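Colleague: Right, I'll just put the structure down here and ask away after.
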Amino acid sequence: MKPLDLGTARASTTLPAALGGRIEPAAGTEPLLKVEGLSLTRGESLILDEVAFSLRRGATLGLLGESGAGKSTIALALIGLLRKPEVGLSGTITLDGEGDVVDAPEKAWLKLRGRRVAMIFQDASAALNPCFTIGRQIMTPLRRVLGLGRSAARVRAIELLESVGLNDAPSRLSAYPHQLSGGMQQRVMIAIALSSNPDLLLADEPTSALDVTIQAQIIRLILEETRRRSASCIFVLHDLALASQCCDDVVVLYGGQVVETGPSRIVLDAPMHPYTQALKGCVLEFDTEELEPLPSGAPSFASKSPGCRFADRCARALDKCAATKPPLVATRGRKLACWNPLP
Amino acid sequence: MSTAPIFRLLDVQKAYDVDAKGGSLFSRAKRRLRALDGVRLSLAPGESLAIVGESGSGKTTLLRVLLGLTHPTDGRALFREKDIASLDGVDRDRFCREVAAIYQDARGSLNPRMSVLDLIAEPLDHHKLCTNSDRSDRVAALMSRVGLSPAMMSRYVSALSGGQLRRIAIARALASEPSVLVADEAVSGLDVSTQAQILKLLRDLQREMGLSLLFITHDLGVAAYLCDRIAVMYLGRVVEAGLTREVLKAPAHPYTRALLNASPRFFAPISDPLPGEVPSPIDLPPGCRFAGRCVRAQDDCQKSEPALTPASPTRMFACFHPLAS
Numbered sequence: 004m005k006p007l008d009l010g011t012a013r014a015s016t017t018l019p020a021a022l023g024g025r026i027e028p029a030a031g032t033e034p035l036l037k038v039e040g041l042s043l044t045r046g047e048s049l050i051l052d053e054v055a056f057s058l059r060r061g062a063t064l065g066l067l068g069e070s071g072a073g074k075s076t077i078a079l080a081l082i083g084l085l086r087k088p089e090v091g092l093s094g095t096i097t098l099d100g101e102g103d104v105v106d107a108p109e110k111a112w113l114k115l116r117g118r119r120v121a122m123i124f125q126d127a128s129a130a131l132n133p134c135f136t137i138g139r140q141i142m143t144p145l146r147r148v149l150g151l152g153r154s155a156a157r158v159r160a161i162e163l164l165e166s167v168g169l170n171d172a173p174s175r176l177s178a179y180p181h182q183l184s185g186g187m188q189q190r191v192m193i194a195i196a197l198s199s200n201p202d203l204l205l206a207d208e209p210t211s212a213l214d215v216t217i218q219a220q221i222i223r224l225i226l227e228e229t230r231r232r233s234a235s236c237i238f239v240l241h242d243l244a245l246a247s248q249c250c251d252d253v254v255v256l257y258g259g260q261v262v263e264t265g266p267s268r269i270v271l272d273a274p275m276h277p278y279t280q281a282l283k284g285c286v287l288e289f290d291t292e293e294l295e296p297l298p299s300g301a302p303s304f305a306s307k308s309p310g311c312r313f314a315d316r317c318a319r320a321l322d323k324c325a326a327t328k329p330p331l332v333a334t335r336g337r338k339l340a341c342w343n344p345l346p
Numbered sequence: 059m060s061t062a063p064i065f066r067l068l069d070v071q072k073a074y075d076v077d078a079k080g081g082s083l084f085s086r087a088k089r090r091l092r093a094l095d096g097v098r099l100s101l102a103p104g105e106s107l108a109i110v111g112e113s114g115s116g117k118t119t120l121l122r123v124l125l126g127l128t129h130p131t132d133g134r135a136l137f138r139e140k141d142i143a144s145l146d147g148v149d150r151d152r153f154c155r156e157v158a159a160i161y162q163d164a165r166g167s168l169n170p171r172m173s174v175l176d177l178i179a180e181p182l183d184h185h186k187l188c189t190n191s192d193r194s195d196r197v198a199a200l201m202s203r204v205g206l207s208p209a210m211m212s213r214y215v216s217a218l219s220g221g222q223l224r225r226i227a228i229a230r231a232l233a234s235e236p237s238v239l240v241a242d243e244a245v246s247g248l249d250v251s252t253q254a255q256i257l258k259l260l261r262d263l264q265r266e267m268g269l270s271l272l273f274i275t276h277d278l279g280v281a282a283y284l285c286d287r288i289a290v291m292y293l294g295r296v297v298e299a300g301l302t303r304e305v306l307k308a309p310a311h312p313y314t315r316a317l318l319n320a321s322p323r324f325f326a327p328i329s330d331p332l333p334g335e336v337p338s339p340i341d342l343p344p345g346c347r348f349a350g351r352c353v354r355a356q357d358d359c360q361k362s363e364p365a366l367t368p369a370s371p372t373r374m375f376a377c378f379h380p381l382a383s
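Read top to bottom, the protein sequences are chains A and B. To convert, note that position 12 of the first sequence is 15 in my numbering; the numbers rise steadily by one, no gaps. To convert, note that position 22 of the second sequence is 80 in my numbering; the numbers rise steadily by one, no gaps.
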């Protein structure tokens, strides 16, 4: 178990980001998480196809794509809710200090989940239990995971709620989730996820149910809190503009295949894969005059289809695209899987 | 086509009486919740207007007033210069035919026990717009108009994706040959790629059919793409209104500025977010409603409420200390 370091961390709360600058991570070079050849099969379908990426300690990574791309499936695999015996999962997930956890039994996961890896779910109102008070839901992991006593857990819970910007924290402990607004509920979820100082925080569309001003508050809060703890964070997002603001690296997924990955400043600034470009073209900024939406369509997950899954929606598709799957190769500062990339 | 406005709201107020908090279970004490407070808007034929604001700003109450589902407690809501609340007979039928709504939750607004054919034909049947023999032809034409294959006609809601459902909701709205489309967050909750398709469809339909469009959204990017005019609401009041291009280029009200800053933009730093949340609309303090979260608030903002005043023929805002353009 990791020691509590909130006390010392709290002293250094003046982040440059609080002054309005971009939150630059103090990223180390050692990888915290390495995912290699992660595949998931269900019957004849290949839901994830050889997904690979790595995450440095203290860095943020964005999993991007439309619904059905496999973003949330990857997040579930990373927190051990999809494991080998139950589903057709193969490949390796190497968590620093734990080795390959893709095979780890539930007993081992009970020691990892919440302690080293924690998750913020998309819909806070559904993830919080409506029958229990906020205080009980935040104190239960503190007592069970960290072994704190009742009064120590209460003190810590108040500290956590204050650190996520909930005013009047002591009286909020006795509130039920329905008494809080959506933004407040999401703050409580973040406090619960951070309660045991995880190394890796998974945020699955943490702001898609919130207003834009609250979204900015929540994203900043997640970045500040993870940075203060030198934790890493994986965001699952579909908004590329938001990803460019909060992720150091991005992984663009289509139909369970990684199509383009690399530093967000390179990939999102000048996408080379037609799919990344198309997604970028769907983002509305205030001066957007014309939209060029992708044609409708969904990827085929059939494991037998040999080619690029994006080929039938792609305007640049060649004959060979449907026949052979392009390999993920390093190209101009990123990794790209495309036979006919944009110049 | 006359240029008289289709909708006109004259200082519309909608207040609800809610139980006083903290009182006894049997207490009769009530407090006033002003969901809309003095809203003044108009929508001319062929015009597109976006109503923008966060949750709790009164956007949906405004939509309900426009559709005649709730009646204002004060002020007047007019459709073609007649009170929506007292429309009857021929006027009421005309109102129902001319004003079509697209609701936020497409899945929830479509009856799961009706086939796509029946769903789209329901307005045709109601207004007796077609004979039995050309019913399915009309529906097929509407479906192709919104980019759906007529082969889907016999399917049910449960077998369709979110994007397809939005298209059906749009086809159903177009069935009665309306002159106004009123849409409440019609693209929220969709993938960016599907959202782009639906937005393009709505804009094309609006331009080709000369429809008036009133679009409620919380996304300024959507408002900018779809609408010529914009009205920004905060806690039941319009705080700034004008041509979308002008307002977004140089917002005068600090709240509009804050909304703009909070919208994601490529590689822009995440700005200092607005502090706090939208306060409760019950028993609001005197003065400007935004003063508690406003960086430019001064003493006079706490004392009296700024009125929505025209700054130019195309621009209005309600602020004592507007941002210089």
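Beta carbons: idealized from backbone N, C-alpha and C, even for Gly. Computed from a predicted model, the values in this text were never measured in an experiment.
Between the Cα of P333(B) and the Cα atoms of L317(B), A299(B) and A369(B), which residue gives the shortest distance?
Modeller: Taking the second sequence and counting its residues from 1, the one referred to as residue 333(B) is at position 275. Residue L317(B) is the option with its Cα nearest to P333(B).
Colleague: By Cβ distance below 7 Å, which residues in the same chain neighbour A281(A) in space, the five residues on each side in sequence not counted?
Modeller: Position 278 of the first sequence, counted from the start, is the residue given in the question as residue 281(A). Closer than 7 Å at Cβ, skipping near neighbours: L297.
Colleague: When you compare the CB of K258(B) with every CB in chain A, is at least one pair closer than 7 Å?
Modeller: Residue 258(B) sits at position 200 when you count from the first residue of the second sequence. At least one chain A Cβ lies under 7 Å of K258(B).
Colleague: Could you tell me the boundaries of the beta strand (DSSP E) in which G96(B) lies?
Modeller: For this step, residue 96(B) is matched to residue 38 along the second sequence. Per DSSP, G96(B) belongs to the beta strand (DSSP E) from K88 to L101.
Colleague: Of all Cβ atoms in chain B, is any one closer than 7 Å to the Cβ of L349(A)?
Modeller: Residue 349(A) cannot be examined here, being either before or after the span of chain A that is shown, 4 to 346.
Colleague: Buried or exposed for A179(B), please, with buried defined as at least 16 other CB atoms from any protein chain shown within 10 angstroms of its CB.
Modeller: As a working note, residue 179(B) is residue 121 in the second sequence. A179(B) should be labelled buried.
Colleague: Quick one: list the residues of chain A neighbouring R323(B), beta-carbon separation under 7 Å, in chain order.
Modeller: The residue you call residue 323(B) lines up with position 265 of the second sequence. Near R323(B) (Cβ distances below 7 Å), the residues of chain A are A244 and E288.
Colleague: Give, in chain order, every unbroken run of the beta strand (DSSP E) that is at least 3 residues long and sits entirely within the segment 157–236 of chain B.
Modeller: Whole beta strand (DSSP E) segments, 3+ residues: 157–160.
Colleague: Closer than 9 Å, Cβ to Cβ, to anything on chain B: give me those residues from the segment 271–299 of chain A, in chain order.
Modeller: Under the 9 Å Cβ criterion, the segment 271–299 of chain A contributes L271, D272, A281, L282, K283, G284, C285, V286, L287, E288, F289, D290, T291, E292, E293, L294, E295, P296, L297, P298 and S299.
Colleague: Count the other C-beta atoms from every protein chain shown that fall within 10 angstroms of the C-beta of I26(A), then say buried if there are 16 or more, exposed otherwise.
Modeller: In the first sequence, residue 26(A) corresponds to position 23, counting from 1. Note that I26(A) scores 46 on pLDDT, short of 50, meaning its location in the model is unreliable and no value can be drawn from it.
Colleague: Leaving aside the five residues before and after A340(A) along the sequence, list all residues of the same chain whose C-beta is less than 8 Å from its C-beta, in chain order.
Modeller: In the first sequence, the residue the question calls residue 340(A) occupies position 337. For A340(A), where only same-chain residues beyond five positions count, the Cβ hits under 8 Å are Q260, V261, V262, E263, H276, C311, K328, P329, P330, L331 and V332.
Colleague: Do the segment 76–88 of chain A and the segment 199–211 of chain A meet, that is, are 3 or more Cβ pairs less than 8 Å apart?
Modeller: Flag = yes, the segment 76–88 of chain A and the segment 199–211 of chain A touch.
Colleague: Going along the segment 297–312 of chain B in order, which residues come within less than 7 Å of chain A, judged by CB to CB distance?
Modeller: Residues passing the 7 Å Cβ filter: L306.
Colleague: Considering just the uninterrupted stretch of the alpha helix (DSSP H) at E228(A), what are its terminal residues?
Modeller: As a first step, residue 228(A) must be located in the first sequence, where it is residue number 225. Segment V215 to R231, the alpha helix (DSSP H) holding E228(A).
Colleague: Do three or more CB pairs link the segment 160–171 of chain B to the segment 208–225 of chain B at distances below 8 Å?
Modeller: The answer is yes - the segment 208–225 of chain B touches the segment 160–171 of chain B, with three or more Cβ pairs under 8 Å.
Colleague: Is the beta carbon of G350(B) closer than 7 Å to that of C359(B)?
Modeller: Within the second sequence, the letter at position 301 stands for residue 359(B). Within the second sequence, the letter at position 292 stands for residue 350(B). It is not a contact, given that the beta carbons lie outside the stated cut-off.
Colleague: For the alpha helix (DSSP H) containing S267(A), name the first residue and the last one.
Modeller: One-based indexing of the first sequence puts residue 267(A) at position 264. S267 to V270 is the span of the alpha helix (DSSP H), which, as asked, contains S267(A).
Colleague: Answer yes or no: do V123(B) and A135(B) have a C-beta to C-beta separation smaller than 7 Å?
Modeller: As a first step, residue 123(B) must be located in the second sequence, where it is residue number 65. As a first step, residue 135(B) must be located in the second sequence, where it is residue number 77. Their beta carbons are under 7 Å apart, which means V123(B) touches A135(B) by this criterion.
Colleague: Check M192(A) in the structure and name its three-state DSSP category.
Modeller: Taking the first sequence and counting its residues from 1, one reaches residue 192(A) at position 189. Here M192(A) sits in helix by DSSP.
Colleague: Taking contact to mean 3 or more Cβ pairs, one atom from each stretch, closer than 8 Å, check whether the segment 190–199 of chain A and the segment 126–142 of chain A are in contact.
Modeller: These segments touch.
Colleague: If you draw a straight line from the C-alpha of E293(A) to the C-alpha of S251(B), how long is it?
Modeller: As a working mapping, residue 293(A) is identified with position 290 in the first sequence. As a working mapping, residue 251(B) is identified with position 193 in the second sequence. Taking the straight line from one Cα to the other gives about 14 Å.
Colleague: According to DSSP, is I328(B) part of a helix, a strand, or is it coil?
Modeller: For the purposes of this step, residue 328(B) is taken as residue 270 along the second sequence, with counting starting at 1. Coil.
Colleague: Might you give, ordered along the chain, the residues of its own chain that have their beta carbon closer than 7 Å to the beta carbon of G168(A), omitting 5 neighbours on each side?
Modeller: Along the first sequence, read from residue 1 onward, the residue named residue 168(A) stands at position 165. Only R190 and L224 meet the Cβ criterion.
Colleague: Helix, strand or coil: how does DSSP classify N343(A) here?
Modeller: As a working mapping, residue 343(A) is identified with position 340 in the first sequence. Three-state DSSP puts N343(A) in coil, outside helix and strand.
Colleague: Curious, which full-length alpha helix (DSSP H) runs of at least 4 residues does the segment 293–338 of chain B contain?
Modeller: Correct list: 302–307 and 312–320.
Colleague: Let me know the secondary structure DSSP gives A108(B) once reduced to three states.
Modeller: In the second sequence, counting from the first residue as 1, residue 108(B) sits at position 50. In the structure shown, A108(B) sits in a strand (DSSP, three-state: E or B).
Colleague: Under DSSP, the beta strand (DSSP E) around R59(A) begins and ends at which residues?
Modeller: In the first sequence, the residue the question calls residue 59(A) occupies position 56. That run of the beta strand (DSSP E) goes S48 to R59.
Colleague: If we define contact as Cβ-Cβ less than 7 Å, is G186(A) a contact residue for chain B?
Modeller: Mapped onto the first sequence, residue 186(A) falls at position 183. For G186(A), the answer is yes, since a Cβ of chain B falls inside 7 Å of its Cβ.
Colleague: Would you mind telling me which residues of chain A sit closer than 7 Å to G126(B), beta carbon to beta carbon, in chain order?
Modeller: Within the second sequence, numbered from 1, the residue matching residue 126(B) stands at position 68. Result: empty, since nearest Cβ-Cβ is about 28 Å, beyond 7 Å.
Colleague: Count the other CB atoms within 10 Å of the CB of Q356(B); is the residue buried (16 or more) or exposed (fewer)?
Modeller: For the purposes of this step, residue 356(B) is identified with residue 298 of the second sequence, where counting begins at 1. Under this definition Q356(B) is an exposed residue.
Colleague: Check the Cβ of H241(A) against every Cβ in chain B and list those closer than 7 Å, keeping chain order.
Modeller: Locating residue 241(A) in the first sequence gives position 238, where the first residue counts as 1. Simply D249 and V250.
Colleague: Report, in whole angstroms, the separation of the C-beta atoms of Q222(B) and L200(B), which I expect to be a contact under 8 Å.
Modeller: Taking the second sequence and counting its residues from 1, one reaches residue 222(B) at position 164. Taking the second sequence and counting its residues from 1, one reaches residue 200(B) at position 142. Wrong, their Cβ atoms sit about 14 Å apart, outside the cutoff.
Colleague: Taking only beta carbons into account, state which residues of the segment 104–118 of chain A come closer than 7 Å to chain B, listed in chain order.
Modeller: Those would be none; no residue qualifies.
Colleague: Output needed in chain order: residues of the segment 207–226 of chain B with a Cβ under 9 Å from some Cβ in chain A.
Modeller: So the list reads S219, G220, G221 and Q222, given in the order they occur along the chain.
Colleague: Run the CB neighbour count on S177(A), radius 10 Å, all protein chains shown included, and call it buried at 16 or more, exposed below.
Modeller: Residue mapping note: residue 177(A) aligns to position 174 of the first sequence, counting from 1. Looking at its Cβ environment, which holds fewer than 16 other Cβ atoms inside 10 Å, S177(A) is exposed.
Colleague: Could you tell me which of I274(B), L232(B) and A282(B) sits nearest to E266(B), measuring between CA atoms?
Modeller: Counting from one through the second sequence, the residue named residue 266(B) turns up at place 208. For the residues I274(B), L232(B) and A282(B), the minimum Cα distance to E266(B) belongs to L232(B).
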